[in-house]
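Protein chains in written order, with my numbering: chain A, 67 to 359; chain B, 128 to 386.
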């Protein structure tokens with residue numbers, strides 16, 4: 067557990083020495099992860115398939131229990147998903163027998179939130195308006211496109227008024243054009259609601275466009291390694307930048323250089339269990355991201 | 128325009144086909160009984176004309192309606208018993224691997240015993256009257272519900288459960304907001320199969336130890352040597368059974384409103 071002194075200045079989400087291995091498998095899925103997400107910060111967790119990104123989201127949302135270490139939300143160790151944490155999965159996970167309205171209102175009617183009927187209606191209407199689906203409230207999921215379904219999933223998290231969004235490759239099943247518009251929508255929503263977010267992705271453009279900070283997760287000989295880039299410093303981003311600013315960064319030469327640097331880091335770490343020394347100018351730290359002292 | 132007319136004509140024809148089949152059956156029945164009447168005088172009692180006269184009499188004096196209501200009440204009670212036992216047990220079988228394994232052999236064994244073979248035991252324990260019939264109907268109808276509910280639980284999309292857990296839903300909330308609506312299609316399929324089995328078992332069950340119902344009325348008609356009544360009741364049971372099956376199918380289609 068955390069000490070009281072740590073709780074006072076604790077980040078929104080903090081992982082301390084987190085390891086995970088399944089009982090039937092002696093190999094670590096994740097090993098000794100230390101990372102944090104601070105207030106109104108968007109952190110992208112980038113990595114190749116199978117490196118444990120999604121497992122980390124499951125740990126951070128309380129859906130899995132760590133083998134060692136702990137994950138804390140606002141200083142409290144996570145055992146089940148806290149009411150102020152919302153998860154968006156790769157699949158929209160909409161319930162087919164409920165309308166769009168019913169799906170968005172789903173969590174608000176549960177014991178953990180139990181929002182009053184009038185407030186529930188106001189929250190759902192506001193969330194649907196924010197994702198541009200105010201006219202689709204009575205539709206059933208079978209009638210929605212992939213992009214619309216993912217908008218409903220976003221609206222469902224917005225209606226919960228979550229302080230932390232955990233997004234597990236939320237747009238990976240969408241086509242390129244829809245993905246771009248959804249990324250911009252997500253950015254605007256996080257900016258508007260002043261939430262914090264941890265987004266897991268394997269799309270480098272998405273990570274660079276959305277995040278304030280990028281964490282590259284790789285796996286080497288069963289060890290999980292993390293490397294960090296502070297995009298706010300490197301790209302000159304303002305905290306919680308919206309989609310208009312994001313388009314500006316996308317066109318900068320620094321953006322392209324950074325993209326190349328991260329791609330090389332990923333390629334080298336996968337190939338040679340180590341990072342290239344020639345093209346890592348912006349990289350801040352490796353395997354350590356939060357100073358716990 | 129011509130295409131539209133052709134397609135409309137086709138759908139009218141498809142709608143009329145079952146009626147054409149029924150009319151053909153009546154003609155076949157009429158021909159066969161009249162043909163046999165010369166060599167087998169007994170066949171003359173079963174001709175459609177006599178059945179028609181019985182129908183007019185039994186429906187106008189309300190006798191058949193009373194027996195129908197008795198039979199439908201037994202079907203309803205039997206179905207409620209089958210559902211109230213079948214759904215919880217099906218949920219257990221589908222969600223607990225251990226319970227599924229433990230109960231599998233036992234349930235398969237029970238399922239293969241004809242419900243009517245329990246009749247003597249049911250009468251000894253529950254006495255004469257409606258109670259043993261309810262037991263037999265419930266016992267006959269419970270298996271399709273257990274099997275369908277268990278299959279439904281196994282087929283639930285794990286993503287729905289993960290989503291509900293990520294929203295801190297309790298086990299009870301998951302049961303009522305995810306599992307039960309998620310398996311409703313399977314429950315309704317099981318209900319439809321159950322109604323079919325209950326309806327088939329009902330008639331022989333009503334031939335033992337009760338004083339009303341369509342099964343009883345068939346034996347009564349035989350004893351009174353009113354073969355027109357007997358033939359009518361047999362056909363009427365078929366029509367009612369088909370009606371119940373249609374109602375169950377309609378209910379299932381209504382539930383799939385979201386497709």
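Ideal placement from N, C-alpha and C gives every residue a C-beta, glycine not left out.
**Request:** Answer yes or no: does any C-beta atom of chain A fall closer than 8 Å to that of residue 306 of chain B?
**Result:** no
**Request:** Check whether the stretch 280 to 298 of chain B touches the stretch 175 to 183 of chain A, taking contact to mean three or more Cβ pairs, one atom from each stretch, closer than 8 Å.
**Result:** yes
**Message:** Within a Cβ cutoff of 7 Å, which residues of the same chain sit near residue 270 of chain A, ignoring the five residues on either side of it in sequence?
**Reply:** 112, 325, 328, 329
**Request:** Alpha carbon to alpha carbon, how far is residue 190 of chain B from residue 187 of chain A? Give it in angstroms, no decimals.
**Result:** 55 Å
**Request:** Can you say whether residue 285 of chain A is buried or exposed, counting buried as having 16 or more other CB atoms within 10 angstroms of its CB?
**Result:** buried
**Asked** If we call anything under 8 Å between Cβ atoms a contact, is residue 205 of chain A one with residue 165 of chain A?
**Response** yes
**Message:** I need the straight-line Cα distance from residue 275 of chain B to residue 204 of chain B, nearest angstrom please.
**Reply:** Approximately 20 Å between the Cα atoms of the pair.
**Asked** Nearest-angstrom Cα distance between residue 353 of chain B and residue 253 of chain B?
**Response** 32 Å
**Prompt:** Beta-carbon separation of residue 314 of chain B and residue 279 of chain B under 8 Å?
**Reply:** Contact flag set, yes.
**Message:** Short of 8 Å in beta carbon distance, which residues of its chain neighbour residue 344 of chain A, apart from the five on each side in sequence? Order them along the chain.
**Reply:** Because the pLDDT of residue 344 of chain A is 43, which lies under 50, any placement of that residue in the model is unreliable, and the question is left without a value.
**Asked** Can a CB atom of chain A be found closer than 8 Å to the CB of residue 297 of chain B?
**Response** yes
**Prompt:** Where residue 183 of chain A and residue 148 of chain A are concerned, what is the direct C-alpha to C-alpha distance, given to the nearest angstrom?
**Reply:** Spanning the two alpha carbons is a distance of roughly 22 Å.
**Asked** Is DSSP giving residue 338 of chain A helix, strand or coil here?
**Response** With a pLDDT of 46 at residue 338 of chain A, under the threshold of 50, the modelled position of this residue cannot be trusted; read the value that follows with caution. In the structure shown, the three-state DSSP call for residue 338 of chain A is helix.
**Secondary structure of residue 142 of chain B, DSSP reduced to three states** = helix
**Request:** Determine, using beta carbons only, whether residue 265 of chain A and residue 158 of chain A come nearer to each other than 8 Å.
**Result:** No, they are not a contact pair.
**Prompt:** When you compare only the Cα positions, how much space is there between residue 328 of chain B and residue 264 of chain B?
**Reply:** 7 Å
**Message:** Check whether chain B comes within 8 Å of residue 206 of chain A, counting only Cβ atoms and requiring the distance to be less than that.
**Reply:** yes
**Message:** Here's the rule I'm using: 16 or more other beta-carbon atoms within 10 Å means buried, otherwise exposed. How should residue 188 of chain B be labelled?
**Reply:** exposed
**Asked** What residues in its chain sit with their C-beta under 8 Å from that of residue 163 of chain B, if we drop five residues either side in the sequence?
**Response** 170
**Prompt:** Do residue 339 of chain B and residue 161 of chain B have their C-beta atoms closer together than 8 Å?
**Reply:** Result no, Cβ atoms of residue 339 of chain B and residue 161 of chain B do not sit closer than 8 Å.
**Request:** Determine the DSSP secondary structure at residue 201 of chain A, reduced to helix, strand or coil.
**Result:** Three-state DSSP puts residue 201 of chain A in a helix.
**Request:** Could you tell me the distance, in whole angstroms, from the CA atom of residue 267 of chain B to the CA atom of residue 316 of chain B?
**Result:** 16 Å
**Prompt:** Is DSSP giving residue 348 of chain B helix, strand or coil here?
**Reply:** helix
**Prompt:** Within the 8 Å Cβ cut-off, does residue 293 of chain B reach chain A?
**Reply:** yes
**Prompt:** Tell me the DSSP bridge mates of residue 270 of chain A?
**Reply:** Answer by DSSP bridge pairing: none, since residue 270 of chain A is not bridged.
**Request:** Look at the Cβ atom of residue 272 of chain B, then the Cβ atom of residue 217 of chain B, and state whether they are nearer than 8 Å.
**Result:** yes
**Item:** Interface partners of residue 385 of chain B on chain A, CB under 7 Å
**Value:** Residues of chain A with a Cβ closer than 7 Å to the Cβ of residue 385 of chain B are, in chain order, 162, 163, 206, 208.
**Asked** Any beta-carbon of chain B closer than 8 Å to the one on residue 240 of chain A?
**Response** no
**Message:** In this structure, how does DSSP classify residue 133 of chain B when only helix, strand and coil are distinguished?
**Reply:** If DSSP states are grouped into helix, strand and coil, residue 133 of chain B belongs with the helices.
**Asked** Based on the DSSP secondary-structure assignment, which residues constitute the bridge partners of residue 281 of chain A?
**Response** A:111, A:294
**Request:** Put residue 93 of chain A into one of helix, strand or coil per three-state DSSP.
**Result:** coil
**Request:** Kindly indicate which three-state DSSP category residue 139 of chain A falls into: helix, strand or coil?
**Result:** The three-state reading of DSSP puts residue 139 of chain A in strand, counting E and B together.
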